[in-house]
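Residue numbers (the working numbering): 99 to 415.
Where a beta carbon is used, it is the ideal one built from N, C-alpha and C, also for glycine.
Predicted, not measured: the structure shown is a model, and the values here were computed from it.
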């Protein structure tokens, strides 16, 4: 059983949603889903290529056409505080509030740690991580306004940051992307703690789907080839209902969480917490620490498996 069609079409009625990176891939799927549920959707996207260097104005036009009259596409760089401030000001002028913020914008520049250019590392962090901070900070006053207006109904404004399994498992050659997404999860936790006094929820979603990131995986060995082929079977639209749930009234009270979605499988992911404890002596040395740690931590060490190895299985679609 699900939501009745009539109720589904108005689930987000009178709600205003800002989706960064919403002109393509998962961001576009989420934007289309929310618009179909009655939300007023504002997409902020600059049409950048996956490495952030090129621009595709046609992608923005195509997104606007697909989303229809309930949406507006703003050409802007989420890592630019002035561009974000202008987008928020436009939302305030046109709608007077912001109920939903989804940070899906991301770029990647693959390179080994030994070879990555510092400027490439910095640019990935600027868009993927700093962009999340910039848009959360700029959007907070309007999110607070929406929270104050909805006190009686109990509907809570919500922030959703899209992260990646690479942040938590690691993988070869994705230092910048993984570090940025790990930082975004930390920003999610801090945001959840800071925003709860305003009645605003903040969560992170770890999606798996066919996207430009997936397409960029080079099939240079059997592992990469099989993972890529399996991941490309998952339409980005399968992510949208889970993302929408996390920003909907159904997820009331859920905040500071990391949820994953891969086809029809939805995961509640663990977050770093103590697994085991070793007690060492007051005059501990390296040998005694090693002895205590190995005894207490036996069987609990984290496997050194990449996300491609951990999730290289046929998706349930």
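Just to confirm before moving on: does the CB-CB distance between residue i and residue j stay below 9 Å?
i: residue 414; j: residue 395; result: no
i: residue 336; j: residue 310; result: no
i: residue 204; j: residue 142; result: no
i: residue 206; j: residue 154; result: no
i: residue 120; j: residue 183; result: no
i: residue 132; j: residue 115; result: yes
i: residue 159; j: residue 171; result: yes
i: residue 350; j: residue 254; result: yes
i: residue 327; j: residue 317; result: yes
i: residue 260; j: residue 101; result: no
i: residue 269; j: residue 147; result: no
i: residue 94; j: residue 128; result: Here the chain comprises residues numbered 99 to 415, so residue 94 is not present and cannot be evaluated.
i: residue 173; j: residue 145; result: yes
i: residue 344; j: residue 231; result: no
i: residue 157; j: residue 122; result: yes
Please check if any C-beta of chain B sits within less than 9 Å of the C-beta of residue i.
i: residue 106; result: You won't find chain B in this structure, because it holds only one protein chain.
Which residues in the same chain as residue i place their Cβ atom closer than 7 Å to its Cβ, once the five residues preceding and following it in sequence are excluded?
i: residue 224; result: 177
i: residue 294; result: 353
i: residue 379; result: 386
In three-state terms, what does DSSP make of residue i?
i: residue 382; result: coil
i: residue 118; result: strand
i: residue 370; result: coil
i: residue 409; result: coil
i: residue 434; result: Given that the chain is displayed from residue 99 to residue 415, the structure contains no residue 434 and the question cannot be resolved.
i: residue 173; result: strand
i: residue 256; result: strand
i: residue 392; result: helix
i: residue 305; result: strand
i: residue 196; result: coil
i: residue 236; result: helix
i: residue 359; result: strand
i: residue 414; result: strand
i: residue 77; result: With the chain covering 99 to 415 only, the question about residue 77 has no answer from this structure.
Closest to residue i by C-alpha separation, out of the options, would be which residue?
i: residue 301; options: 291, 286, 307 and 314; result: 286
i: residue 304; options: 293, 190 and 365; result: 365
i: residue 216; options: 274, 106 and 174; result: 274
i: residue 256; options: 213, 321, 392 and 292; result: 292
i: residue 208; options: 354, 222, 202 and 318; result: 222
i: residue 353; options: 401, 296, 324 and 313; result: 296
i: residue 338; options: 202, 244, 271 and 368; result: 202
i: residue 108; options: 342, 218, 284 and 226; result: 342
i: residue 151; options: 167, 135 and 175; result: 175
i: residue 298; options: 282, 272 and 346; result: 346
i: residue 226; options: 168, 122, 283 and 367; result: 283
i: residue 164; options: 134, 181, 180 and 188; result: 134
Quick check: is any heavy atom of the ligand COA less than 8 Å from the C-beta of residue i?
i: residue 287; result: Questions concerning the ligand COA fall outside what the structure shown contains, since it holds no ligand whatsoever.
Beta-carbon within less than 6 Å of residue i's beta-carbon, same chain only, minus the 5 sequence neighbours each way: which residues are those?
i: residue 228; result: 177
i: residue 137; result: 110, 113 and 115
i: residue 391; result: 376
i: residue 359; result: 305, 337 and 340
Suppose the cutoff is 8 Å on Cβ atoms and the five residues either side in sequence are ignored; what does the same chain contact list for residue i look like?
i: residue 375; result: 394
i: residue 321; result: 406, 407 and 410
i: residue 398; result: 373 and 374
i: residue 312; result: 326, 329 and 330
i: residue 323; result: 317
- [ ] Decide yes or no for the touch test of the segment 384-395 against the segment 329-346: beta carbon pairs closer than 8 Å, at least 3 of them.
- [x] no
Task: Three-pair Cβ contact test at 8 Å for the segment 229-239 versus the segment 183-200 - done: yes
Task: Cβ pair count under 8 Å reaching 3, the segment 259-266 against the segment 274-288 - done: yes
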